[in-house]
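Below is one structure, written out as structure tokens, with a few remarks after it.
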Amino acid sequence: PGAPYLRVTPSMLKRQTGRKGKDAWTAMGGRVYNITPYLPFHPGGEPELLRAAGRDGTKLFGEIHPWVNYENMLASCMIGLLVEEHEAKS
Ligand code: HEM
464 PGAPYLRVTP
474 SMLKRQTGRK
484 GKDAWTAMGG
494 RVYNITPYLP
504 FHPGGEPELL
514 RAAGRDGTKL
524 FGEIHPWVNY
534 ENMLASCMIG
544 LLVEEHEAKS
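Residue numbers (my numbering): 464 to 553.
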């Protein structure tokens with residue numbers, strides 16, 4: 464509680480598709496990640512990873528490689544917490 468994380472709503476997330484000069488964000492396990500710097504390193508390629516951009520990628524990720532430890536891999540890319548639409552203001 465009180466952690467200084469950005470509170471990201473689904474509508475904020477939706478704008479971060481990695482297109483039109485915007486960074487690509489995805490949400491996984493309730494955390495929001497800026498995956499832009501990781502894109503060139505993804506073993507499955509950029510287009511695959513971008514399928515999770517702008518939305519909650521938890522299910523998609525789990526369907527493909529549940530064994531991958533994204534929490535460690537993307538620790539430095541974590542930018543906030545996914546919250547409900549009405550919870551934007553802290
Ligand atoms: C492979 C990381 C998201 C599709 C991999 C591998 C890693 C990785 C480490 C190699 C796994 C292995 O060989 O055991 C991540 C991370 C993600 C992410 C950190 C965080 C967002 C996604 C998403 C998709 C995806 C959203 C698809 C919608 C794939 C595919 C491969 C792969 C198809 C297999 C590539 C191959 O072996 O030819 N990813 N991934 N990944 N990833 Fe991801």
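We treat Cβ as the ideally placed atom computed from N, Cα and C, and that holds for glycine.
key: Straight-line Cα distance separating G543 from Y467   = On the sequence shown, position 4 is the one that residue 467 refers to. On the sequence shown, position 80 is the one that residue 543 refers to. It should be noted that the sequence gives Pro, not Tyr, for residue 467. Going from the Cα of P467 to the Cα of G543 covers about 9 Å.
query = Could you give the distance in angstroms between the alpha-carbon of R478 and the alpha-carbon of M541?
reply = In the sequence shown, residue 478 corresponds to position 15, counting from 1. In the sequence shown, residue 541 corresponds to position 78, counting from 1. Cα-Cα distance, rounded: 17 Å.
Sequence-distant residues of its chain with Cβ nearer than 6 Å to D519 (five each side left out) = On the sequence shown, position 56 is the one that residue 519 refers to. Correct list, in chain order: A490.
message = Quick check on the DSSP output: the beta strand (DSSP E) that includes Y496 runs from which residue to which?
response = Walking along the sequence shown from the start, residue 496 turns up at place 33. Run containing Y496: R494 to N497, per the beta strand (DSSP E) assignment.
query = Would you call the CB atoms of V546 and T472 closer than 7 Å?
reply = Taking the first residue of the sequence shown as 1, we reach residue 546 at position 83. Taking the first residue of the sequence shown as 1, we reach residue 472 at position 9. Going by C-beta atoms, V546 is nearer than 7 Å to T472.
message = I'd like the list of long-range same chain contacts for A551, defined as Cβ closer than 8 Å, with 5 residues on each side in sequence excluded.
response = By one-based count along the sequence shown, residue 551 stands at place 88. Excluding sequence neighbours, A551 sits near R470, T472 and M475.
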